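Here the structure comes first, spelled out in structure tokens, and everything after it is commentary.
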Amino acid sequence: MSTDSRNLVLVSIDSLRGDHCGFLGGDRDLTPTLDSLASEGVAYRNAIAPGPQTFSSMPAVFTGRRRRPTSLDEYPQRTHWERRLAAINEHMRRHASLAERLRERGYDTGAVTPNPWTSSASGFDRGFDEFVDVSETDSGGWVSSVADRIPGVDAGARPVELVSNLVSGSEFFARWESLYDDIERVRESLSEPYFLWVFVLDTHFPFIPARRHREEQSLFGTYYSAYRSSDPMRGKGGELSPRVRESVLRSYRDTVRSADAFVDTLRSDLARDDPALLVHSDHGESFGDHGNYGHHHREVYEENIRVPYLVHNAGVSADVTEPTSLASVHDTALEIARTGTFDPEAATAPYVVASSECGSNRAMRGVPFKRVELGDDASLFDLAVDPGERNDVSAARPGVMTELGRRLGRIDADAAETERIHAAARRVVDRNSV
Numbered sequence: 400m401s402t403d404s405r406n407l408v409l410v411s412i413d414s415l416r417g418d419h420c421g422f423l424g425g426d427r428d429l430t431p432t433l434d435s436l437a438s439e440g441v442a443y444r445n446a447i448a449p450g451p452q453t454f455s456s457m458p459a460v461f462t463g464r465r466r467r468p469t470s471l472d473e474y475p476q477r478t479h480w481e482r483r484l485a486a487i488n489e490h491m492r493r494h495a496s497l498a499e500r501l502r503e504r505g506y507d508t509g510a511v512t513p514n515p516w517t518s519s520a521s522g523f524d525r526g527f528d529e530f531v532d533v534s535e536t537d538s539g540g541w542v543s544s545v546a547d548r549i550p551g552v553d554a555g556a557r558p559v560e561l562v563s564n565l566v567s568g569s570e571f572f573a574r575w576e577s578l579y580d581d582i583e584r585v586r587e588s589l590s591e592p593y594f595l596w597v598f599v600l601d602t603h604f605p606f607i608p609a610r611r612h613r614e615e616q617s618l619f620g621t622y623y624s625a626y627r628s629s630d631p632m633r634g635k636g637g638e639l640s641p642r643v644r645e646s647v648l649r650s651y652r653d654t655v656r657s658a659d660a661f662v663d664t665l666r667s668d669l670a671r672d673d674p675a676l677l678v679h680s681d682h683g684e685s686f687g688d689h690g691n692y693g694h695h696h697r698e699v700y701e702e703n704i705r706v707p708y709l710v711h712n713a714g715v716s717a718d719v720t721e722p723t724s725l726a727s728v729h730d731t732a733l734e735i736a737r738t739g740t741f742d743p744e745a746a747t748a749p750y751v752v753a754s755s756e757c758g759s760n761r762a763m764r765g766v767p768f769k770r771v772e773l774g775d776d777a778s779l780f781d782l783a784v785d786p787g788e789r790n791d792v793s794a795a796r797p798g799v800m801t802e803l804g805r806r807l808g809r810i811d812a813d814a815a816e817t818e819r820i821h822a823a824a825r826r827v828v829d830r831n832s833v
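For the sequence shown, the numbering used here gives the first residue as 400, with consecutive numbering after it.
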């Protein structure tokens, strides 16, 4: 490997909608840093997440391979939470990750992540020399201690964990400022060339930015809107009144400002290392756009799958409009590691797919047409004239509808064949191990 291999920094931002970024048409000055990086580097205008949730998206980002649709009933673990972690871990075992590939090339590798779906429990630590899993941060234990004294309350239950995380600022309540000491420490531990990955959660519900980023929302409004929107945003049903929805959006926009400030701080502090920088969101967020809130498995509309993705300081500048799956991040980073640059168009395709965890809901996204499948219901949208996906044009465009259905069928057939090959290989390994 050449000693001139580029340092690589990958920033993953949870739940950042594409339409809240200026370089993707956002109508507010929320992302000046991202906009500047996009104008100087490669901006993907139709980047599509492999799925509408972290656990259906990030495994593909890290391996370049889409997760196979799975029913969590396949896994023997006790809770739904544990079964999902097992499913992610299986995928990460099956395919070499970006960190593993880069370490094979002689890179030092480090990561900081507070997201439990990208934790050591889910197998994301493979390939990292330094892996700081903030989702395992100890809250001090007093919340669990109190819960343990209450008859009928399981101190280890997920709701108790969430309260502990709120108190400690870990998991989904972690702000980037609380991670920064770890980020600096990990960077200092790495020799060049290095690969540094940071996942930030500021734009994830409950949208509680630090004081210095609150331009539209008050502290009271931040907690009030988080409380009032908790059930709908967590997929537990209910609606938001116009007043509460606007309050939530003010909080969300402030967290977008926070995430942009993080990228600006990190870029400035690492300038001496001259790294190539890749920035993306894992999925978007819904605020009632199609009657849904948050990011759940039904939400394969644009607000949940069209995301920001840019590459800066990799020797090329381009404005790419063709659809691009985030699953291409893996190969793009490896190409930069090998050659110092990359072909921005190599990651594009006429159509890319986003799919829910179990595969029942998915979208085939092109320009301008997009096919959306929600269970047995299928619709077609012309995004050029209907960016909000309100008018189903499948009856008016039967040829396009049929062609996209055929493309999805071929993808299904390829996935089934790949799974048969993996199953056969596992049987051979099992026989040889007996």
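The beta carbon of each residue, even a glycine, is placed where N, CA and C say it ideally should be.
Predicted, not measured: the structure shown is a model, and the values here were computed from it.
Contacting residues, own chain, Cβ-Cβ under 6 Å from residue i (five flanking each side not counted)
i: arginine 764; result: Ile447, Pro722 and Val751
i: leucine 578; result: Val511
i: phenylalanine 661; result: Trp575 and Val599
i: serine 754; result: Gly450 and Arg761
i: proline 767; result: Asp781, Leu782 and Ala783
i: leucine 436; result: Leu709 and His711
i: proline 608; result: Asp653, Thr654 and Ser657
i: phenylalanine 530; result: Ala510 and Asp524
i: serine 588; result: Glu529
i: alanine 625; result: Pro605
i: aspartate 730; result: Gly463
Buried or exposed by the 16-neighbour rule on C-beta atoms within 10 Å, applied to residue i
i: leucine 618; result: exposed
i: glutamate 744; result: exposed
i: serine 414; result: buried
i: alanine 717; result: exposed
i: valine 533; result: buried
i: valine 784; result: exposed
i: threonine 756; result: First, the amino acid is wrong: residue 756 is glutamate here, not threonine. Burial call: buried.
i: glutamine 452; result: buried
i: serine 470; result: exposed
i: glutamate 638; result: exposed
i: serine 629; result: exposed
i: alanine 794; result: exposed
i: alanine 670; result: exposed
i: threonine 801; result: exposed
i: histidine 419; result: buried
i: isoleucine 735; result: buried
i: glycine 798; result: exposed
i: aspartate 813; result: exposed
Nearest-angstrom beta carbon gap, residue j and residue i [assumed within contact, 8 Å]
i: valine 410; j: valine 597; result: 6 Å
i: valine 715; j: leucine 677; result: That pair is no contact at about 13 Å.
i: alanine 726; j: arginine 465; result: 6 Å
i: alanine 442; j: leucine 709; result: 5 Å
i: aspartate 775; j: threonine 432; result: Actually they are not in contact, since the Cβ atoms of aspartate 775 and threonine 432 sit about 43 Å apart, beyond 8 Å.
i: aspartate 713; j: glycine 463; result: Note on residue identity: the sequence assigns alanine, not aspartate, to residue 713. Not quite, the Cβ-Cβ distance comes to about 17 Å (not below 8 Å), so this is no contact.
i: alanine 732; j: leucine 407; result: 6 Å
i: glycine 693; j: arginine 633; result: 6 Å
i: phenylalanine 461; j: isoleucine 487; result: Rounded, the Cβ-Cβ distance is 10 Å, inconsistent with contact.
i: glycine 687; j: serine 646; result: Incorrect: roughly 13 Å between the Cβ atoms, too far for contact.
i: arginine 444; j: valine 719; result: 6 Å
i: arginine 405; j: alanine 573; result: Rounded, the Cβ-Cβ distance is 29 Å, inconsistent with contact.
Span of the beta strand (DSSP E) around residue i
i: leucine 471; result: From DSSP, leucine 471 is part of no beta strand (DSSP E); its letter is neither H nor E.
i: asparagine 760; result: 760-764
i: isoleucine 487; result: From DSSP, isoleucine 487 is part of no beta strand (DSSP E) but of the alpha helix (DSSP H) over 479-493.
i: arginine 770; result: 768-773
i: aspartate 668; result: Premise fails: aspartate 668 lies in the alpha helix (DSSP H), 641-668, not in any beta strand (DSSP E).
i: aspartate 507; result: 507-512
i: serine 577; result: Serine 577 -> not in any beta strand (DSSP E); alpha helix (DSSP H) instead, spanning 575-588.
i: serine 778; result: 776-781
i: valine 460; result: Counting along the chain, valine 460 falls outside any beta strand (DSSP E), though it belongs to the alpha helix (DSSP H) covering 453-462.
i: leucine 677; result: 675-680
i: tryptophan 596; result: 593-599
i: aspartate 532; result: 529-532
Boundaries (first-last residue) of the alpha helix (DSSP H) holding residue i
i: leucine 794; result: For the record, residue 794 in the displayed sequence is alanine; it is not leucine. That residue, alanine 794, is in no alpha helix (DSSP H); it is neither H nor E in DSSP.
i: tyrosine 622; result: 618-627
i: glutamate 503; result: 497-503
Same chain, Cβ closer than 7 Å to residue i, five either side skipped, listed in chain order
i: leucine 773; result: Arg697 and Asn760
i: arginine 416; result: Gly683, Glu684 and Glu702
i: glutamate 615; result: Arg649, Arg652 and Asp653
i: alanine 520; result: Leu484
i: glutamate 481; result: none
i: serine 456; result: Ala448, Pro449, Gly450, Asp681, His682 and Leu725
i: asparagine 691; result: Ser685, Arg697 and Glu698
Contact with chain C by residue i, beta-carbon distance below 8 Å
i: alanine 794; result: The displayed structure is made up of one protein chain only, and chain C is not part of it.
Chain-order list of residues whose beta-carbon lies under 8 Å from that of residue i (same chain, five-residue window excluded)
i: histidine 689; result: Glu698, Tyr700, Glu702 and Glu788
i: methionine 491; result: Pro458, Phe461, Thr462, Ser521, Gly522, Phe523 and Arg525
i: valine 706; result: Leu415, Arg416, Gly417, Ala446, Ile447, Ala448, His679, Ser680, Asp681, His682, Gly683 and Leu725
i: tyrosine 622; result: Ile607
Exercise. List in chain order: all unbroken beta strand (DSSP E) runs of 3+ residues lying wholly within the segment 687-758.
Key: 708-711, 717-719 and 751-754
Quiz item: Residue ranges of each beta strand (DSSP E) run of no fewer than 3 residues wholly in the segment 409-441, ordered along the chain?
Solution: none
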